[in-house]
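Since the structure comes first, as structure tokens, the remarks are kept for the end.
Residue numbers (our numbering): 7 to 519.
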């Protein structure tokens with residue numbers, strides 16, 4: 007994977023010119039749309055005020071899934087689309103997306119039908135446990151929706167005796183378990199970068215810049231600022247796409263188009279180093295209901311166990327961080343499945359938190375807010391000579407379909423024909439490694455638009471959140487980055503301080519002397 011050098015992109019922005027589309031936001035939705043427009047010949051520029059994939063894209067649950075629980079909300083179109091896109095990613099990005107067997111511990115046989123029917127009819131009702139019969143209905147529908155393109159095994163049920171024989175640590179109150187298949191992406195950040203790289207490689211008229219901030223508009227141009235130098239660049243797009251996720255309303259305010267469309271919820275996850283829990287997973291995801299009705303998960307990722315997640319309303323996405331109550335909640339939730347496996351804070355390697363860019367909703371139970379995507383269109387006017395598309399909601403699995411749908415709208419607006427489809431376009435890349443060699447790190451530093459040390463450790467590799475750190479090891483990696491990127495000793499020291507602070511404050515990583 008090779009991303010265009012930042013210097014090249016900044017040089018192109020220095021040329022006063024109009025462009026077709028400016029995409030603000032380098033998460034997976036912005037990346038997918040960049041690729042969609044690039045393969046269709048548009049001149050498109052993507053910018054992000056931070057690193058690519060540094061928002062909700064990197065804070066996902068690492069699942070590529072159809073959304074089994076969305077069936078209760080009657081969202082059959084979303085589930086059908088998600089399953090189709092899940093299977094497409096399994097085919098087109100097999101280095102990054104792999105099958106994920108998923109087991110559901112079940113504690114009753116018949117409960118949940120009444121509540122499921124009320125939710126299906128759109129009525130508000132508190133969550134309740136789902137029994138074996140209801141889960142059987144959902145999994146059967148899941149299998150039916152993929153009948154014509156079967157890539158993964160159909161679901162199976164195991165009796166209490168069979169389940170306990172396989173996993174003796176399971177809660178003794180189960181009546182059975184059910185196993186079905188979805189998929190996982192262990193490093194979603196890299197897959198997002200690969201989508202951006204593919205878009206830029208497909209057309210010389212497309213490029214992407216990280217650490218380039220949307221600052222304001224002046225009626226004739228959009229003013230962008232290079233976060234490293236403070237230098238301003240002006241572009242005049244025909245179309246602006248607001249793909250900033252949880253920051254959509256804030257970005258629209260900067261564009262002079264105030265909105266109140268986002269009602270984000272934060273989701274936190276823990277990465278734990280716990281060999282006993284890892285063995286108990288048997289290479290599968292455990293998918294279960296906590297006492298409050300929230301669906302929780304844990305499964306092996308990059309040699310550790312990922313536990314998630316919470317779903318808490320938040321007003322300012324910049325305030326999102328996994329707090330102590332969330333840690334207690336997730337650790338406690340594991341005991342609903344394996345009550346005898348002791349897991350404590352000493353097992354936590356790291357944590358991460360992101361804000362889902364959900365549509366504004368008054369629903370008291372956040373789990374009922376739709377994970378579907380939508381696009382809000384604001385036309386050009388006398389003060390703003392560009393139209394604005396705001397990408398709301400969505401889930402990792404459906405980024406390509408979302409990009410295709412919005413891409414069609416933009417092509418139609420600009421009077422341009424569709425000349426290529428992403429439906430069968432391979433996403434090339436390398437399989438992520440749990441531990442990167444020095445040679446691999448050098449390649450990442452040279453070719454993958456690394457600006458800060460934390461870009462390398464958190465979003466280009468699995469090192470930052472899935473390994474243990476010492477001051478000596480951090481200094482050694484910083485030395486390597488300084489040699490490859492030409493940092494001064496002062497810049498190297500500043501990068502160590504910045505990265506240590508981010509890993510400790512945001513991700514709860516502890517450093518040994």
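All C-beta atoms in this analysis are idealised placements derived from N, C-alpha and C, irrespective of residue type, glycine included.
Ordered along the chain, which non-local residues of its own chain (more than five positions away) have a Cβ less than 6 Å from that of residue i?
i	result
residue 212	44, 50, 205 and 206
residue 251	33, 61, 62 and 363
residue 379	399, 400 and 408
residue 231	219, 221 and 238
residue 265	255 and 258
residue 339	296 and 302
residue 187	105, 107, 158 and 159
residue 464	470
residue 76	84 and 85
residue 377	401
Residues in the same chain with beta-carbon distance under 8 Å from residue i, minus the five sequence neighbours each way, listed in chain order, please.
i	result
residue 170	176, 178 and 180
residue 502	459, 480, 481 and 484
residue 184	109, 110, 112, 138, 141, 142, 145, 161, 162, 163 and 164
residue 486	444, 447, 448 and 451
residue 497	488
If I follow the unbroken alpha helix (DSSP H) through residue i, where does it start and stop?
i	result
residue 43	34 to 44
residue 255	254 to 260
residue 230	Counting along the chain, residue 230 falls outside any alpha helix (DSSP H), though it belongs to the beta strand (DSSP E) covering 228 to 232.
residue 1	Given that the chain is displayed from residue 7 to residue 519, the structure contains no residue 1 and the question cannot be resolved.
residue 506	495 to 511
residue 9	Where residue 9 is concerned, there is no enclosing alpha helix (DSSP H), given that its DSSP letter is neither H nor E.
residue 410	405 to 420
residue 339	330 to 340
residue 85	82 to 98
Going by DSSP, which residues form a beta bridge with residue i?
i	result
residue 69	190
residue 314	275 and 303
residue 475	517
residue 295	301
residue 165	182
residue 213	51
residue 109	185 and 292
residue 354	278
residue 456	Paired residues: none, contrary to the question.
residue 432	Bridge partners of residue 432: none, in fact.
residue 268	365
residue 103	191
residue 319	271
Buried or exposed: which applies to residue i, given that a residue is buried once 16 or more other Cβ atoms fall within 10 Å of its Cβ?
i	result
residue 234	exposed
residue 210	exposed
residue 55	buried
residue 25	buried
residue 91	buried
residue 322	exposed
residue 444	exposed
residue 255	buried
residue 436	exposed
residue 293	buried
residue 200	buried
residue 406	buried
residue 505	buried
residue 202	buried
residue 153	exposed
residue 383	exposed
residue 425	exposed
residue 442	buried
Determine, for residue i, whether the minimum Cβ-Cβ distance to residues of chain C falls below 7 Å.
i	result
residue 202	Here there is only one protein chain, and chain C is not present.
Can you give me the Cβ contacts of residue i inside the same chain, cut-off strictly under 7 Å, excluding the 5 residues immediately before and after it?
i	result
residue 278	310, 311, 313, 349, 353, 354 and 355
residue 450	456, 462, 466 and 467
residue 512	327
residue 440	308, 309, 468 and 472
residue 241	19, 25, 28, 51, 227, 228 and 230
residue 253	323
residue 155	93
residue 166	180, 181 and 182
residue 477	517 and 519
residue 404	87, 88, 91 and 379
residue 39	29, 247, 249, 409, 412 and 413
Need the endpoints of the beta strand (DSSP E) that residue i sits in, please.
i	result
residue 238	238 to 248
residue 287	Looking at the DSSP string, residue 287 is not in any beta strand (DSSP E); the run it does join, the alpha helix (DSSP H), is 281 to 287.
residue 221	218 to 223
residue 24	24 to 30
For the ligand PLP, is there any heavy atom lying closer than 6 Å to the beta carbon of residue i?
i	result
residue 355	The ligand PLP is absent from the structure shown, which contains no ligands of any kind.
Which runs of the beta strand (DSSP E) fall wholly inside the region 358 to 399 and span at least 3 residues, in chain order?
-> 379 to 384 and 393 to 399
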